[in-house]
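Here the sequence shown is numbered in my numbering, starting from 411 and rising by one per residue. The C-beta atom is built at its ideal place from N, Cα and C for all residues, glycine as well. Here the structure is a predicted model, which is why all the values come from computation and not from measurement.
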Amino acid sequence: MLEMISELLSGFHPIFAAYGALALSIYALFRWADAELSEEVRSYIGAWLYNRDHSHFKHFYAVFYNIFCSVFGERHFSKKCFLRSSLVSVICIMCIFFGVLGFFYITDVGTRRDADIIFEHKSDWFLGTATSFVLLNIACDYAGLYSTRRLIAIRSGTSIVFIVLFMVDTLLKSTMIWLSLWILASINPQLDEFLGPRGFSDYGWVFSVLMLMAFAATTFVSSIWIVLFIIGVQFTRQMVFFGRRGIPMIKKLFDTNKKPLTSLGNAVGLIMLLIGIIHSVIASAFRWALNAY
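Right, here's the structure in full:
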């Protein structure tokens, strides 16, 4: 059974495992958020998801704002907001890191040796570097949540204003990520082995690319949540439509009445898997072309 799974996964690029792990963490977080909603908010979101006519941009703002405040609280500088932001950070980054690391050990993609090198020969500094990385990720996510909170607090009804604000928010988060990486590299100069060209070729998929991707994904996710939310809503509404036509499995996965956010989590998770497949195909094609060259 394990050999069959290994053979099946070997056809994918390792980046697919990161998307799969991120999709799983997104599903878990949406399911957790569902439990945090009050019955009144849950009923409101379920009815809104079911009504395909409520698609005006201001409705997305209002619903997302309700979800955001229900999960992270109405005050940003509070113990509740910080602890929940930290929990989300750790869950996402660990899911991605260990998900892809597991992919390396299950499949024969020529990177298992690199994983062994990380833990055997670099163990004297790996733990400290990884801990610093996670702590910086928590700090960036918490700061990123604040900018997202300011973004949705404007509650603009026009998509143009939102796009401009979203671009500014993304630029701020990009600056935050690279500044944090610079701080991390200054703390541990040996990190250059993983961030430089030699590190990319020797250990990149195990530490540099994985942790950087996890870091960027969890930091950006505080603003990208809004985009994923809007896409996920449309996808969920389509699935609800098919479920009403008598497809039991779809009806169970997208039950917007009882668990509206879990339904959204299923939708966003499937979207992430689809993006992962596309990215994996493109990355595999580039890798094949480089090897052929």
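With DSSP as the reference, label E449 as helix, strand or coil. helix
V643 and L447: beta carbons closer than 8 Å? No.
Rounded separation between G675 and L439 - CA only: Those two C-alpha atoms are separated by around 8 Å.
Pairwise C-alpha distance: R452 and A472: 14 Å
Whole-Å CB distance - F474 paired with I636, under 8 Å assumed: With a Cβ gap of about 6 Å, F474 and I636 count as contacting.
If we ignore side chains and look at the alpha-carbon of each, how far apart do I692 and F426 end up? 11 Å
Report yes if the C-beta distance between H486 and Y437 is below 8 Å; otherwise report no. no
Using only alpha-carbon positions, find the residue among L638, I640, E450 and D665 that is nearest to M649. D665
Measure the alpha-carbon distance for S690 versus M577 and round it to whole angstroms. Taking the Cα positions, S690 is about 26 Å away from M577.
On a Cα-Cα basis, can you pick out the residue from S488, E484, V544 and V481 that is closest to I501? A check of alpha carbon separations from I501 across S488, E484, V544 and V481 identifies V544 as the nearest.
What does the Cβ neighbour count give for K668, buried or exposed, with the cut at 16 atoms within 10 Å? With fewer than 16 other Cβ atoms within 10 Å, it is exposed.
Beta-carbon contacts of I687 that lie in its chain and below 7 Å, excluding the five residues immediately before and after: F426
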